[in-house]
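Peer 1:
Residue numbers (the working numbering), protein chains in the order written: chain Z, 3 to 202; chain P, 217 to 444; chain E, 7 to 335.
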């Protein structure tokens, strides 16, 4: 395992070079579904960070006990547990936000970013590397999610974190707050990032 | 080395050890152990947070009740004077075309006297269902308040049903006639202004209210003894 | 790069084997995109003149804004893709004219600018530029602003009571009918001295331009025929079912954007099927969806959505209507 990336490399890769959303195109369900305002996006990013960090650490701790044909079951079990804990915590302390996010918190269970990191990194590398990988990837996810949410919230409602940033005369682009706005913003952002990186 | 241990195993108990090793329960010991561990972790989370979540759900409704019966200004006044409204939750069963419909209704009392009703009801909106609280005066003659608990209407158009500006036109509407949504300025007492560009959402809200009022009106006034 | 070539060769192979030629099927091979586009511009002249006559400077303003922003968008996006400048084929100008003609005169300037940029950018450039787009660019742009700015493009967006231009002070005939059931006179709809999107009001202007396009074979006659026949049949059935509504088959044909859409929007050769039979099916589908939306939806008009939905079905229609090579069965 000499050719495995180090903890620092894992961290840096997660943020931009291997950004889970813009580079690996993973975890798009929350990116499209809960990106119409910043508050929901930040809560979602925080929940994903919690789940990914816990799942990566636990997986890494038990990595020597894993049997190849049962590893997916173990990953799923671990992820599902932490997602349920995150969901309950939100319902207890941020009830309104939990209602707004609705099914999308439980759906983190099927978010491919997490199982992908368990498989690629945590099941093969040390706890420290796994944790720094989780934080890097979560940061990348948070960056992508909030970039889309910022565009959609500002264009769609003229507000940022529910505070008015554009003049009241701003004509709200209602379509940006609706589901098509998520697809259009994501597509345009992806195209822009590919265009910039191909022109380098 | 490998060969040696193999042969010894077979000598000791032919095939036995191999069979145990291949048994799915033994193979999955880690899964079972983790399931047990995670299961108990979840149980403890549920035990510690469950009551708080239940409270949140209840509070969401209860905290709105005084405002819906008394109006915002009087509710704040009472709160400032540290007076409390008695809120008695109950379930009302309505028989409609041989179908049982259940309503969560809250009877509010002040100094032992009934001063209003709040009913929780829901129905189909333009996109998904709309859940709302409806405040009524003691005789169920007037609407005293409306609050939208949950809705999925179009942002920027239909979701304006949650705005106070739109909701306040329902206050003090008599329940004698059905509420009617109009597009070009409400003038009759039972008319409601539609939200521009969201007539269907506006109609849905008033229809949900109409149904609840007609279902509950007779029940609550005549059948108060049947309250449980 | 090799991958791209592979894809093209397979496509060409398939095309060769199935004998499918790119639409439109022109006898005159010298006819270029540019001369086709000039034909379209000539055919749009009566519509443009009529809109300027009815809406005065509102129409002039929309035309200038939309053409300028479409050209700017085209220039920007072709430069981003490092492709040669393609403004001279007039396709961006036509997209601009069609967006302008499908707008209410009262729409603010930024609505037209956004519609143009979205139409050229998301409707055309992202698919690979002219000839590669799936959806009609003008309608993509218009649909975007229609949903984004429902207030400006919905029923009330067309009216401006304080306007000096007569037509704009009233509600559009489609809205009046949808809301209060009042039927306008047929002659108003035919000549077009009424409110509505700039280019849609006058049935006669659309017919003159459309017939010219079909005679020049720049547009395939099967598409408008399919639209008009279906609307006539469904409108006839609607008349039989509810005879006292007063909105006759001719109202359905002359009212709203039907003729403008049938002749100028649905006939876009890039986004419509290849074979004559496919074209007719496409037109009939557009007509059926228009009637569905007009009769049963909350919108008074549905030409834009109908064209976009049928654009999405065009590849399917093409697949179902592959002409059989001679001798096979």
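Using N, Cα and C, we set each Cβ at its ideal position, and we do this for glycine too.
Bear in mind the structure is a predicted one, so any value in this text is a computation, not a measurement.
(1) Comparing C-alpha positions only, which one of 130(E), 197(E), 114(E) and 275(E) sits nearest to residue 171(Z)?
(2) Rank 46(Z), 69(Z) and 87(Z) by C-alpha distance to the C-alpha of residue 240(P) and give the top, closest one.
(3) Give the interface partners of residue 373(P) over in chain E, defined as CB-CB distance under 8 Å, in chain order.
(4) Please list the partners that residue 64(Z) has in chain P, where partner means a Cβ-to-Cβ separation under 9 Å.
(5) In three-state terms, what does DSSP make of residue 254(E)?
(6) Any chance the region 27-45 of chain Z sits against the region 145-164 of chain Z, with 3 or more Cβ pairs inside 8 Å?
(7) In chain order, what residues of the same chain have a beta carbon less than 7 Å from the beta carbon of residue 323(P), not counting five sequence neighbours either side?
(8) Beta carbon of residue 49(E), beta carbon of residue 198(E): below 8 Å?
(9) Taking a cut of 8 Å between CB atoms, which residues from the region 406-425 of chain P lie near chain E?
(10) Mapping the DSSP letters down to three states, classify residue 107(E) as helix, strand or coil.
(11) Provide the residue span of the alpha helix (DSSP H) that contains residue 228(E), from first to last.
(12) For residue 331(E), does the count of other Cβ atoms within 10 angstroms reach 16, so buried, or fall short, so exposed?
(13) Would you mind working out which of 265(P), 418(P), 413(P) and 346(P) sits nearest residue 395(P), comparing C-alpha positions?
(14) Measure how close the beta-carbons of residue 272(E) and residue 229(E) come, nearest whole angstrom, since I'm counting them as under 8 Å.
(15) Check each candidate in 327(P), 317(P) and 326(P) and name the one with the smallest Cα separation from residue 335(P).
(16) Considering only the beta carbon of each residue, do residue 293(E) and residue 207(E) sit closer than 8 Å?
(17) Rounded to the nearest angstrom, how far is the Cβ of residue 427(P) from that of residue 387(P), given a contact under 8 Å?
(18) For the region 70-83 of chain Z against the region 93-107 of chain Z, do three or more pairs of beta-carbon atoms, one drawn from each stretch, fall closer than 8 Å, so that the two count as touching?
(19) Can you say whether residue 24(E) is buried or exposed, counting buried as having 16 or more other CB atoms within 10 angstroms of its CB?
(20) Are the beta-carbon atoms of residue 299(E) and residue 290(E) separated by less than 8 Å?
(21) Only counting the same chain, and skipping five residues up and downstream in sequence, which positions put a Cβ closer than 7 Å to that of residue 255(E)?
(22) Checking contacts by CB at 8 Å: is residue 435(P) closer than that to chain Z?
(23) Who are the Cβ neighbours of residue 155(E) in its own chain at under 6 Å, not counting the five residues just before and after it?
(24) Provide the residue(s) that pair with residue 390(P) in DSSP beta bridges, ordered along the chain.
(25) Residues of chain P with a CB under 8 Å from the CB of residue 69(Z): which are they?
(26) Cα-Cα, which of 189(Z), 163(Z) and 138(Z) is closest to residue 20(Z)?
(27) Return the first residue and the last residue of the alpha helix (DSSP H) that residue 326(P) is part of.
(28) If I follow the unbroken alpha helix (DSSP H) through residue 120(E), where does it start and stop?
(29) Run the CB neighbour count on residue 297(P), radius 10 Å, all protein chains shown included, and call it buried at 16 or more, exposed below.
(30) Please identify the residue among 65(Z), 174(Z) and 30(Z) whose C-alpha is closest to the C-alpha of residue 150(E).
(31) As a quick exercise: from 371(P), 404(P), 409(P) and 405(P), pick the residue whose alpha carbon is nearest that of residue 182(Z).
(32) Sorted by chain position, which residues of the same chain lie with C-beta nearer than 7 Å to residue 80(Z)'s C-beta, five sequence neighbours on each side aside?
(33) State yes or no: is the beta carbon of residue 160(E) nearer than 8 Å to at least one beta carbon in chain P?
(34) On the DSSP bridge assignment, give the partners of residue 311(P) in chain order.
(35) Excluding the 5 residues preceding and the 5 following residue 14(Z) in the sequence, name in chain order all residues of the same chain whose CB lies nearer than 7 Å to its CB.
(36) Could you check whether the Cβ of residue 173(Z) sits closer than 8 Å to any Cβ belonging to chain E?
Peer 2: The structure says:
(1) Here residue 171(Z) is taken as the residue at index 169 of the first chain, counted from 1. Measuring from the Cα of residue 171(Z), the nearest candidate turns out to be 114(E).
(2) Counted from its first residue, the second chain places residue 240(P) at position 24. That would be 69(Z), whose Cα lies nearest to the Cα of residue 240(P).
(3) Sequence index remark: in the second chain, residue 373(P) carries index 157 (1-based). The contacting residues are 156.
(4) Along the first chain, one-based indexing puts residue 64(Z) at 62. Neighbourhood of residue 64(Z) in chain P, by CB distance below 9 Å: 246 and 250, in chain order.
(5) By 1-based counting over the third chain, the position of residue 254(E) is 248. Residue 254(E) sits in coil when the DSSP states are folded into three classes, being neither helix nor strand.
(6) Taking 8 Å as the limit for Cβ pairs, the verdict is that the region 145-164 of chain Z does touch the region 27-45 of chain Z.
(7) For this step, residue 323(P) is matched to residue 107 along the second chain. Hits under 7 Å: 304, 306, 330 and 333.
(8) As a working note, residue 49(E) is residue 43 in the third chain. As a working note, residue 198(E) is residue 192 in the third chain. Going by C-beta atoms, residue 49(E) is not nearer than 8 Å to residue 198(E).
(9) Residues of the region 406-425 of chain P with a C-beta atom less than 8 Å from some C-beta of chain E are 412, 413, 415 and 416, listed in chain order.
(10) As a position in the third chain, residue 107(E) is number 101, starting the count at 1. Helix at residue 107(E).
(11) By one-based count along the third chain, residue 228(E) stands at place 222. Taken as a continuous stretch (DSSP letters only), the alpha helix (DSSP H) holding residue 228(E) covers 228-247.
(12) Locating residue 331(E) in the third chain gives position 325, where the first residue counts as 1. Residue 331(E) is exposed by the Cβ-count criterion.
(13) Position 179 of the second chain, counted from the first residue, corresponds to residue 395(P). For the residues 265(P), 418(P), 413(P) and 346(P), the minimum Cα distance to residue 395(P) belongs to 418(P).
(14) On the third chain, position 266 is the one that residue 272(E) refers to. On the third chain, position 223 is the one that residue 229(E) refers to. That belief holds up - the Cβ atoms of residue 272(E) and residue 229(E) are roughly 5 Å apart, short of 8 Å.
(15) Within the second chain, residue 335(P) is the residue found at index 119, counting from 1. Among 327(P), 317(P) and 326(P), the Cα nearest to that of residue 335(P) is on 317(P).
(16) On the third chain, residue 293(E) is found 287 positions in, with the first residue counted as 1. On the third chain, residue 207(E) is found 201 positions in, with the first residue counted as 1. The beta carbons of residue 293(E) and residue 207(E) sit no closer together than 8 Å.
(17) The count along the second chain starts at 1 and reaches residue 427(P) at position 211. The count along the second chain starts at 1 and reaches residue 387(P) at position 171. With a beta-carbon spacing of about 19 Å, residue 427(P) and residue 387(P) fall beyond the 8 Å limit used to define contacts.
(18) The region 93-107 of chain Z and the region 70-83 of chain Z do not touch, with fewer than three beta-carbon pairs separated by less than 8 Å.
(19) For this step, residue 24(E) is matched to residue 18 along the third chain. Low per-residue confidence applies at residue 24(E): pLDDT is 46, beneath 50, and the placement is therefore not dependable enough to give any value.
(20) Walking along the third chain from the start, residue 299(E) turns up at place 293. Walking along the third chain from the start, residue 290(E) turns up at place 284. Not a contact, by the Cβ cut-off of 8 Å.
(21) Against the third chain, residue 255(E) aligns to sequence position 249. Result list for residue 255(E): 238, 241, 242 and 245, in chain order.
(22) Here the question's residue 435(P) lines up with position 219 in the second chain. By this cut-off, residue 435(P) is not an interface position.
(23) Numbered from 1 along the third chain, position 149 holds the residue referred to as residue 155(E). Answer for residue 155(E): 117, listed in chain order.
(24) As a working mapping, residue 390(P) is identified with position 174 in the second chain. Looking at the DSSP output, residue 390(P) sits in a beta bridge with 358(P).
(25) Taking the first residue of the first chain as position 1, residue 69(Z) is located at position 67. Going along chain P in sequence order, the residues near residue 69(Z) (Cβ under 8 Å) are 243 and 246.
(26) Taking the first chain and counting its residues from 1, one reaches residue 20(Z) at position 18. Relative to residue 20(Z), the option among 189(Z), 163(Z) and 138(Z) whose CA is nearest is 138(Z).
(27) As a position in the second chain, residue 326(P) is number 110, starting the count at 1. DSSP places residue 326(P) in no alpha helix (DSSP H) but in the uninterrupted beta strand (DSSP E) bounded by 315-326.
(28) What you label residue 120(E) is simply residue 114 of the third chain in a count that begins at 1. 115-127 is the extent of the alpha helix (DSSP H) around residue 120(E).
(29) Residue 297(P) sits at position 81 when you count from the first residue of the second chain. Label assigned to residue 297(P): exposed.
(30) One-based indexing of the third chain puts residue 150(E) at position 144. Comparing Cα-Cα distances from residue 150(E) to each of 65(Z), 174(Z) and 30(Z), the minimum goes to 174(Z).
(31) Along the first chain, read from residue 1 onward, the residue named residue 182(Z) stands at position 180. When each option's Cα is compared against that of residue 182(Z), the closest is 371(P).
(32) The residue labelled residue 80(Z) in the question sits at position 78 within the first chain. Listed in chain order, the non-local C-beta contacts of residue 80(Z) below 7 Å within the same chain comprise 57, 60 and 61, local neighbours out to five positions each way being set aside.
(33) Position 154 of the third chain, counting from 1, holds the residue named residue 160(E). Chain P, which has a Cβ nearer than 8 Å to the Cβ of residue 160(E), makes this yes.
(34) By one-based count along the second chain, residue 311(P) stands at place 95. 316(P).
(35) Residue numbering aside, residue 14(Z) sits at position 12 when the first chain is read from its first letter. Correct list, in chain order: 138.
(36) Here residue 173(Z) refers to the residue found at position 171 when the first chain is read from its first residue. Among the residues facing chain E, residue 173(Z) is included, as its CB has a counterpart in that chain under 8 Å away.
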